[in-house]
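2 protein chains.
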Amino acid sequence: MSKGIISKSVIRRLPRYYRFLGELEEGGYVRISSRELAEKMGLTASQIRQDFNCFGEFGQQGYGYNVRELRSQIGNILGLEKKNPMVLIGAGNLGRAIAAHINFADRGFELVGIFDVNEEIIGKNVGNITVQSIDEIDKFCTENKPAAAILCIPKNSAEKVSDKLISCGVRAFWNFTHYDIRFSHPDVIVENVHLGDSLTILSYCLNSVCEK
Amino acid sequence: MSKGIISKSVIRRLPRYYRFLGELEEGGYVRISSRELAEKMGLTASQIRQDFNCFGEFGQQGYGYNVRELRSQIGNILGLEKKNPMVLIGAGNLGRAIAAHINFADRGFELVGIFDVNEEIIGKNVGNITVQSIDEIDKFCTENKPAAAILCIPKNSAEKVSDKLISCGVRAFWNFTHYDIRFSHPDVIVENVHLGDSLTILSYCLNSVCEK
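Just so you know, the sequences run in chain order Y and R. Heads up: the first sequence begins at 1051 in our numbering, then just goes up one per residue. Heads up: the second sequence begins at 1051 in our numbering, then just goes up one per residue.
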């Protein structure tokens, strides 16, 4: 269905469409026009039509979109029907919160292992997964072939850990550290979450005139 | 120093410059050229010069930038010397992790209060702050005048809570919910962190050809 490489800015809007259409479906909507969807989402109808056109023909002129069908097609584009195995490295406060807070299955992943270096955390359960020593990661990867990893570790250990994971076949990182994985591994897929940077932006906007 | 409204895309790069210059300073760098900084950060020298020019004249042709001075100026632009009072609403897994993980003082904020609706959490300490009932928020805001709030609560209570906070004088939100605060309050400052959306993007890139 895809017409080649879709720009990242379009991709970044898809999860929001997906969420929004889920709410509409729960609210009993069967069809919706691009104009109505645009109003509800604070976008323009032409932006929505443009976005959806990147992937193929979703709607029918004059009939609007079938909410459930559109949502399911966007879910397919996002790869959410797959459950890529994923490991969490770092079971400190943030790692444990991510493990507890995120619905991995709804996002195309399955959390299959959690690793740490801290002897006090190793052996404890986080949800229904027992935290293992990072020393076990080679063996674990050979057996479970995780495609992706979440990094919730200090920056100074991130280089060593990511090198190791990549050598074990991990191809994608959800990176909460400030270490720039792509600098030495340009072909790896990385989604950075820089929470501190995000708060810094809020500080800027609170103290200066800021684009909304 | 600012030349009017700076575009959001430039602003979004400033925290990374700030972090990077901090590391250079720690590593003993006194001066750095835009070319060398660009190489280290995976940017182009002209991009860096353009970004810094939005704010005024930082470097000196042929001499490069004074690392400490540049960092301090960017910190000032970001408003990091201020400590805006901030409250956390929602002391579940994610809220507690944010409270423990983030260095608020380095980001221009001071965490002054934590609130929840859960009787089992109210009265407990998170760091050195005692979680209060959300019923106390009016009184607390009158006394402490928080400028900003972190929302780590379910989407279905986000509308009521954000309306209340705005009526109490809160002007900026670090929003971890999927509720769109700006839809009904267009003048409020909002920095959204949609962790689930970010993971969904990773899923897409793992399953499709994706712009790096």
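Here a beta-carbon is modelled for each residue, glycine too, at the ideal position from N, C-alpha and C.
Close-in-space but distant-in-sequence residues of the same chain around G1140 (chain R) (CB under 7 Å, 5 per side omitted)
D1166, L1201, C1202, I1203
| task | Using a Cβ cut-off of 7 Å (strictly closer), state whether C1255 (chain R) contacts chain Y. | result | yes
* **Buried/exposed call for G1158 (chain Y), threshold 16 Cβ in 10 Å** => buried
If I'm right that G1129 (chain R) touches N1257 (chain Y) with Cβ under 8 Å, what's the distance once you round it to whole angstroms? 3 Å
(Q) Please state the DSSP three-state secondary structure of T1094 (chain R). (A) Here DSSP, grouped into helix, strand and coil, assigns T1094 (chain R) to coil.
_Tell me the DSSP secondary structure of E1131 (chain R) in three-state form._
coil
Cβ-based contacts, 8 Å cut-off: residues of the region 1155 to 1167 of chain R near chain Y: D1156, R1157, G1158, F1159
N1206 (chain R) lies in the alpha helix (DSSP H); which residues open and close that run? Its alpha helix (DSSP H) spans residues 1205 to 1217.
So, using beta-carbon positions, are I1231 (chain R) and V1240 (chain R) closer together than 7 Å?
yes
Q.
Does the region 1209 to 1220 of chain Y come into contact with the region 1144 to 1162 of chain Y, if we say contact requires no fewer than three beta-carbon pairs (one atom in each stretch) closer than 8 Å?
A. no
request  = With 7 Å as the threshold, decide whether the Cβ of L1201 (chain R) is near any Cβ in chain Y.
outcome  = no
Report task. List the residues that DSSP assigns as beta-bridge partners of L1138 (chain R). Result -> R:I1164, R:I1200.
Discussion item. Is there a C-beta anywhere in chain Y that falls below 7 Å from the one on H1235 (chain R)?
Written reply: Chain Y contact via Cβ: absent.
With 16 other Cβ atoms within 10 Å as the buried cut-off, status of M1051 (chain Y): Any reading at M1051 (chain Y) must be qualified, since the residue scores a pLDDT of 45, below 50, and its modelled position is unreliable; the value itself is stated next. Residue environment for M1051 (chain Y): exposed (fewer than 16 other C-beta atoms within 10 angstroms of its C-beta).
If we define contact as Cβ-Cβ less than 7 Å, is S1248 (chain Y) a contact residue for chain R? yes
Query raised in the report: In chain order, what residues of the same chain have a beta carbon less than 6 Å from the beta carbon of R1118 (chain R), not counting five sequence neighbours either side?
Result: E1075
Boundaries of the beta strand (DSSP E) in which F1223 (chain R) is found, first to last residue: 1222 to 1225
Sequence-distant residues of its chain with Cβ nearer than 6 Å to S1084 (chain R) (five each side left out): A1095, I1098, R1099
key: One or two residues paired with V1176 (chain R) in a DSSP bridge   = R:I1179
Practice task
Determine which residues of the region 1169 to 1198 of chain R have a Cβ less than 7 Å from any Cβ of chain Y, and write them out in chain order.
Solution key: A1197, A1198
- Message: The alpha helix (DSSP H) that contains N1194 (chain Y), what's its start and end?
- Response: 1187 to 1194
query = Per DSSP, which one or two residues make a beta bridge with I1239 (chain R)?
reply = R:A1222
*Member of R:N1103, R:K1210, R:A1150, R:V1137 whose CA lies at the smallest distance from the CA of E1193 (chain R)*: Answer by Cα proximity: R:V1137.
Q | Top-ranked residue by Cα proximity to I1179 (chain R), from R:E1186, R:D1188, R:I1187, R:L1161 | A | R:L1161
Run down chain R in chain order and give the residues with a C-beta less than 7 Å from the C-beta of V1211 (chain Y). Those do not exist, as V1211 (chain Y) stays about 17 Å from chain R at its closest Cβ, beyond 7 Å.
Nearest to C1264 (chain Y) by alpha carbon, out of Y:R1063, Y:K1214, Y:F1105? Not covered by the structure: residue 1264 (chain Y). The range shown for chain Y is 1051 to 1262.
Margin query: Please tell me whether M1051 (chain R) has its Cβ less than 7 Å away from any Cβ of chain Y.
Written below: For M1051 (chain R), the pLDDT reaches just 45, beneath the cut-off of 50, and the residue's location in the model is therefore unreliable, leaving the point undetermined.
**Study point:** Close beta carbons around V1259 (chain Y), own chain, < 6 Å, minus the five adjacent residues each side
**Key:** none
Handout entry: alpha helix (DSSP H) segment containing A1150 (chain R), residue limits
Key = Run containing A1150 (chain R): 1143 to 1151, per the alpha helix (DSSP H) assignment.
Using a Cβ-Cβ cut-off of 8 Å (strictly less than) and excluding sequence neighbours within five positions of Y1113 (chain Y), which residues of its own chain qualify? For Y1113 (chain Y), same chain residues with a beta-carbon under 8 Å away, outside a window of 5 residues either side, are R1081 in chain order.
Q) Is the distance from the Cβ of F1223 (chain R) to the Cβ of V1243 (chain R) below 7 Å? A) no
message: Suppose the cutoff is 6 Å on Cβ atoms and the five residues either side in sequence are ignored; what does the same chain contact list for R1062 (chain R) look like?
response: none
- Amino acids of chain Y, ordered along the chain, whose beta-carbon sits closer than 8 Å to that of N1103 (chain R): None at all; the shortest Cβ gap to chain Y is about 17 Å.
To the nearest angstrom, how far is it from the Cα of R1121 (chain R) to the Cα of Y1079 (chain Y)? 51 Å
Is A1197 (chain R) closer than 7 Å to F1177 (chain R) when the C-beta atoms are compared?
-> Checking the sequence, you will find Gly at residue 1177 (chain R) rather than Phe. In terms of Cβ geometry, G1177 (chain R) and A1197 (chain R) do not form a close pair [threshold 7 Å].
- Message: Can you check whether the C-beta of I1147 (chain R) is within less than 7 Å of a C-beta belonging to chain Y?
- Response: This sequence places Ala at residue 1147 (chain R); Ile is not what is there. Judged by the 7 Å Cβ criterion, A1147 (chain R) is in contact with chain Y.
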